[in-house]
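In numbering that gives the first Met the number 0, the protein residues as written are 0 to 334. Input: a single structure, listed below in structure tokens.
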Amino acid sequence: MQHEITEKHNVFEENGEVMCAGWARTPVFEYNSEQSKTSGKHSERDCYFISNTEVSLYLSVENLGMEFAVKIAVADLKRGGVIYDCVVKKFVFSKNELPESGSSGELLYTDKRLQLQLTNTPNGRFLKCDFIDFGGIKNLYFNINLKKTAGESLNEIAPFERDRKYFYLKRFVPKFVAGGIIRVGGMEYSLNETTTNAYFDWTRFSKPRKHNYQRLSSDCFIDGKRFSLCLASRVGDNRYGNENCFFTDGHLVKLSQINVKSTGGKLDRPWYFKAGYSAVDITFKPFTVKGEAMAAYMDKTTVIFGRLYGELKRVDMDKPLVLDNSQAHIVLTEF
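Structure follows, in structure tokens:
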């Protein structure tokens, strides 16, 4: 059973345990880490994915345990190929805190190779980066403005394995368009708000052991409408809410559990996603370059770039939503 929550709730009760479990179309879950039984041990991940028909940019900033990480990948979708790099630092005295408010706050990070600025504003986000010897071969620069658009988001709260002092809180927000520039070595990509989408994947959690996670996502245009997809593996006790959903022009359609079949670690082979009586029948085929999957390997995270084939069916839809040749990607990570 999927439990939709429509009213605002604190994430934690007075005793510091998770108050409720379920999902919502708006950010109704009020998160205050100081109210948690595991306060001080929470992990954080802010992930951006920006794409058009020419280029995709993956950016993830993470506080996991005693490590701070920045992971970046740039995929050239026309010529083929992906360049990627990451910075992983141990905490010494204090964390690099990620902004908690969606409309304010800033992260500034600087070291010998990387200068990164992430700024939250009432109308969107500002992302700026200078990365020397990115991927060991080229310099990376990007300056991007993300503008908020209308629409719903996927919000999920779940205790971790029925232990209510541990939790998993997720927001998947495909509600941005992007303008700006990405420059990698001699290549330059211009981003236009009319053709470039962006989603924000926000996660906060505390758990007793490591977990392997996978997510299939897409954020593109199909028949002139914006289509966004989030199909993710189980995290915690998600009997009342999971991450599986898709969006058409900002409207969220919730999905139940998805059966996933892959080829046992061969990243260049297709992945299959199915549910119900052909309600979900999707194949993800990775792009390949010289026989290898077009993928980025960043510490404990792998991002595979490819396309979707198949369709989604709903009783409230006039006809199936055909996904053939839609851009997509799979994120595999350990946290």
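Beta carbons: idealized from backbone N, C-alpha and C, even for Gly. Predicted model, so just to flag it, every value in this text is computed and none were measured.
Query - Every unbroken beta strand (DSSP E) inside the stretch 170 to 201 [3 residues or more] - result: 186 to 190
Query raised in the report: Given a threshold of 16 other Cβ atoms within 10 Å of its Cβ, counted over all protein chains shown, does Glu187 qualify as buried or as exposed?
Result: exposed
Report task. Out of Leu311, Ser325, Ala292 and Leu117, point me to the one whose CA is closest to Gly80's CA. Result -> Ala292
Query raised in the report: Looking at Val17 and Pro158, is the spacing between their C-beta atoms short of 8 Å?
Result: yes
Query raised in the report: What are the start and end residues of each continuous beta strand (DSSP E) run of 3 or more residues lying completely inside the stretch 6 to 75, in chain order?
Result: 21 to 23, 42 to 50, 54 to 63 and 66 to 75
Query - Rounded straight-line distance, which links the Cα of Tyr308 to that of Lys137 - result: 34 Å
Query raised in the report: Under a Cβ-count criterion, where at least 16 other Cβ atoms within 10 Å of its own Cβ denotes burial, should Glu155 be classed as buried or exposed?
Result: buried
Report task. State yes or no: is the C-beta of Lys146 within less than 8 Å of the C-beta of Gly123? Result -> yes
Requested in this report: Tell me whether the beta-carbon of Ser325 lies closer than 8 Å to the beta-carbon of Ile221.
Outcome: yes
Query - Bridge partner(s) assigned by DSSP for His2 - result: According to DSSP, which records beta bridges pairwise, His2 is partnered with nothing at all.
**Report entry** DSSP-derived helix/strand/coil call for Val288
**Finding:** strand
Requested in this report: Measuring alpha carbon to alpha carbon, tell me which of Gly305, Ala278, Leu153 and Leu251 ends up nearest Leu266.
Outcome: Gly305
Query raised in the report: Taking all protein chains shown into account, do 16 or more other C-beta atoms lie within 10 angstroms of the C-beta of Ser255, making it buried, or fewer, making it exposed?
Result: exposed
Requested in this report: Report the rounded CA-to-CA distance for Glu96 versus Tyr47, giving the unit in angstroms.
Outcome: 17 Å
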